[in-house]
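Down below is the structure, laid out as structure tokens.
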Amino acid sequence: MNGRMAFPPWATALMLLALAAFVVLVVLSIRRNRGFRRTLFSFPYSLWIVVFTIIPLLLIGYYAFTDRMGQFTLDNFKTFWDSNFEMNKQLTQLGFDPAALGSARGTVNVDTLVYSLWMALACTLICLLIGYPAALFMADRNFRLGSTLVILFIIPMWMNFLLRTIAWMSLLEDNGLINTLLKALGLPKAQLMYNSQAVLLGMVYNYLPFMVFPIYNSLSKQDRRLTEASMDLGANPALTFLKVTMPLSLPGVVSGITMVFMPSVTTFFIPRVLGGGNTEMFGDLIERTFLSADNWNVGSALSLIMMVLILLSLSLLRKVDPEGEGGSMI
Amino acid sequence: MTRFLKRGYLALVLLFLYVPIVVLIIQSFNAGVSRAKWEGFSLKWYIDLFRSPAIMNALYITLTIALLSALIATVLGTLAAIGIHAMQRRPQGLMMTLTNIPMTMPDIVTGISLMLLFIFTQVPRGYVTMLLAHITFNIPYVILSVMPKLKQMNRFSYEAALDLGATPGYALRRVILPAVMPGVVTGALLSFTLSLDDFTISYFTTSPLVQNLSTLIYSEARKGIKPTMNALSALMFVSLLVLLLAVNRRVSRTNEN
Chain A
3 MNGRMAFPPW ATALMLLALA AFVVLVVLSI RRNRGFRRTL FSFPYSLWIV
53 VFTIIPLLLI GYYAFTDRMG QFTLDNFKTF WDSNFEMNKQ LTQLGFDPAA
103 LGSARGTVNV DTLVYSLWMA LACTLICLLI GYPAALFMAD RNFRLGSTLV
153 ILFIIPMWMN FLLRTIAWMS LLEDNGLINT LLKALGLPKA QLMYNSQAVL
203 LGMVYNYLPF MVFPIYNSLS KQDRRLTEAS MDLGANPALT FLKVTMPLSL
253 PGVVSGITMV FMPSVTTFFI PRVLGGGNTE MFGDLIERTF LSADNWNVGS
303 ALSLIMMVLI LLSLSLLRKV DPEGEGGSMI
Chain B
2 MTRFLKRGYL ALVLLFLYVP IVVLIIQSFN AGVSRAKWEG FSLKWYIDLF
52 RSPAIMNALY ITLTIALLSA LIATVLGTLA AIGIHAMQRR PQGLMMTLTN
102 IPMTMPDIVT GISLMLLFIF TQVPRGYVTM LLAHITFNIP YVILSVMPKL
152 KQMNRFSYEA ALDLGATPGY ALRRVILPAV MPGVVTGALL SFTLSLDDFT
202 ISYFTTSPLV QNLSTLIYSE ARKGIKPTMN ALSALMFVSL LVLLLAVNRR
252 VSRTNEN
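Listed in order, the protein sequences are those of chains A and B. Its first residue numbered 3, the first sequence is counted upward by one per residue in the numbering used here. Its first residue numbered 2, the second sequence is counted upward by one per residue in the numbering used here.
Here it is as structure tokens:
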């Protein structure tokens, strides 16, 4: 607790400096602009960004690189790698040899990250496998209902996401609807909840629309004359799909992947409701480190690692899709 | 035959999306508390709902925050979009990058970073901090809805208005605003609904004493959700449906233009 009070003056000064530098930068760069007076309209927003986006991020950076006393340290990142790091350090200071006491490297944090990445990857793949055909069928011009059906994909997202996830509980739990149905059919009970599959189901359920939309957008914008030309030139439907339709829909696929993968890495709450003991994901870990363990420094380091990962994957995906196709999501 | 298969596939996927929602709505009419057993039709939970001060209070907070944050974000965001649009290339790029940051940041990081800010500046967390957080995550969406409209606009009409003697404020009101209005309305509706549905960011920026519906549901999730919550969400679902239809009409109309 006392670590928080020890916020040194130089950090405050640094932040004020960043604020001043930003304002000067903006003012300097708009100086010789004809629309100068109009650019002033964005001034309240510039200030808002600085106070509510940049400074909070700097705070995360500050806590990630300092210890509880406000001294510079890299220990928080070492704790990410080895969750027993702080304990072992204290043991060493007391004159014990951690290795001799059998205190090995704690892999909880890294394991959780790897598990989250796998889950996010699996969720993205399943969403793609389910979502692509759905988008393809809806984008079919001979299918009049298509554009109405797309709306049906949005509507579920407007019910509170927590309640939707909880609703799955009443389907999956031991005395839930599915098991009642199985019992009525004379089949044995199935353990459907409290495992990774249930969490995955919840994730796919929540993120599927984010995959369907951009793909549908890029498919329905395609010039149908291209497929007609391909057919006229002798390609069968399968070859037309492989050589024309699919490659042209790739930008939509890329933004679909982005929009599913990003939020699913940091999935929060779903593992807690549908998952069991070993299904904690990175979002829950960050929350637990901050609020339950009350360790802001390690929590900030974890958040920073998360953000770097997301920025890296974003820049990778941007390379495939420079225009950011289908980013509009309403 | 393939047509039948295609439609069957779509029906299956939609079934997957709607089953939990239908279950939830049916439960809200169940006379008993049990989630699995049907004990007869009843409107009991709907009556209880309006008698529960905790839920009514949370509903009030959710709705006022959604309205206020949408309103403020729309004003700030629209002004910002007009300003950014008038900027030269490089500062414009910088501002758009900064606008994209909150949209690419995971919700949990946004929430935590704002929580750190409020604790650091010793602002007690509650209604105001939640409102500030909601405005923060709404502004980028307003800017991104208004920006395309500005780009479609004739860039000389504003200057023409000035040459003809309009003050900048007058030209803004009479020339720019009418042209970007569809984008402004879309941005406002989008902000409203995003704010209504938010859980993660609210969770980190409010105190346990000031709860919106999402954080209330979260705190009840461990004890088990009461059917009153189902009743409320069924009601809200229907009202959101109406709102969504309005947005969608507007979006498809603006897309045609």
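Built from N, CA and C at the ideal position, the CB exists for glycine as well. Bear in mind that the values here come from a model prediction, so they are computed numbers and not experimental data.
Rounded C-alpha distance that separates N139/B from T126/A: 26 Å
Residue closest to N111/A, alpha-carbon to alpha-carbon, out of G277/A, T242/A and E282/A: E282/A
DSSP-derived helix/strand/coil call for F1/A: Outside the shown range of chain A (3 to 332) lies residue 1/A, about which nothing can therefore be said.
8 Å Cβ cut-off: residues of chain B touching R166/A: P21, I22 and L25
With 16 other Cβ atoms within 10 Å as the buried cut-off, status of I85/B: buried
Helix, strand or coil at N155/B [DSSP, three-state]: coil
Reference V25/A; option with closest CA among L60/A, I217/A and I51/A: I51/A
Interface residues of chain B facing E282/A [CB-CB closer than 7 Å]: None at all; the shortest Cβ gap to chain B is about 13 Å.
Selected residue, minimal CA-CA separation from K1/A, among G178/A, T269/A and L203/A: Here chain A comprises residues numbered 3 to 332, so residue 1/A is not present and cannot be evaluated.
Residues in the segment 57-80 of chain A having any Cβ partner in chain B nearer than 8 Å: I57, P58, L59, L61, I62 and Y65
Bridge partners - T68/A, DSSP secondary structure assignment: F74/A
Cβ-based neighbour list, L138/A, same chain, cut-off 7 Å, excluding 5 preceding and 5 following: L221
Span separating the alpha-carbon of S317/A from that of S257/A: 12 Å
Minimum C-alpha distance to K152/B - residue among A232/B, L214/B and I177/B: I177/B
DSSP beta-bridge partners of F145/A: None, per the DSSP bridge assignment.
Members of the segment 80-92 of chain B near chain A, C-beta cut-off 7 Å: L80, A81, I83, G84, I85, A87, M88, Q89, R91 and P92
For N162/A, the three-state DSSP class (helix, strand or coil): coil
The segment 154-173 of chain B touching the segment 195-211 of chain B, judged by at least three CB pairs closer than 8 Å: no
Chain-order list of residues whose beta-carbon lies under 7 Å from that of Q95/A (same chain, five-residue window excluded): none
CB contact below 8 Å: Y128/B versus chain A: no
Cβ distance (whole Å) where F74/A is taken to contact T81/A below 8 Å: With 8 Å as the limit, F74/A and T81/A do not qualify as a contact, their Cβ atoms being about 15 Å apart.
Contact check, V214/A vs F155/A, beta carbons under 8 Å: yes
Check whether L233/B and I56/B have beta carbons under 8 Å apart: yes
Residues of its chain near L68/B, where Cβ-Cβ distance is below 8 Å and the 5 sequence neighbours each way are ignored: F193
Helix, strand or coil at F5/B according to DSSP, with G and I counted as helix: helix
Backbone CA spacing between L287/A and T114/A [nearest angstrom]: 8 Å
Euclidean distance between Cα positions of Y209/A and C129/A: 7 Å
Residues that DSSP places opposite F271/A in a beta bridge: Partner(s): none; F271/A has no beta bridge.
Per-residue contacts from S114/B into chain A (C-beta, under 7 Å): P58, L59, L61 and I62
Interface flag, Y171/B vs chain A, CB-CB below 8 Å: no
Exposure of Y207/A, with buried meaning 16 or more beta-carbon neighbours within 10 Å: buried
Terminal residues of the alpha helix (DSSP H) in which G170/B lies: P169 to A172
Which listed residue (I272/A, L19/A and S172/A) has its alpha carbon closest to that of Y219/B: I272/A
Beta-carbon contacts of G277/A that lie in its chain and below 6 Å, excluding the five residues immediately before and after: V201
Segment limits, alpha helix (DSSP H) that includes P266/B: Here chain B covers residues 2 to 258 and nothing more, so residue 266/B does not appear.
Per-residue contacts from F155/A into chain B (C-beta, under 9 Å): V14, L15 and L18
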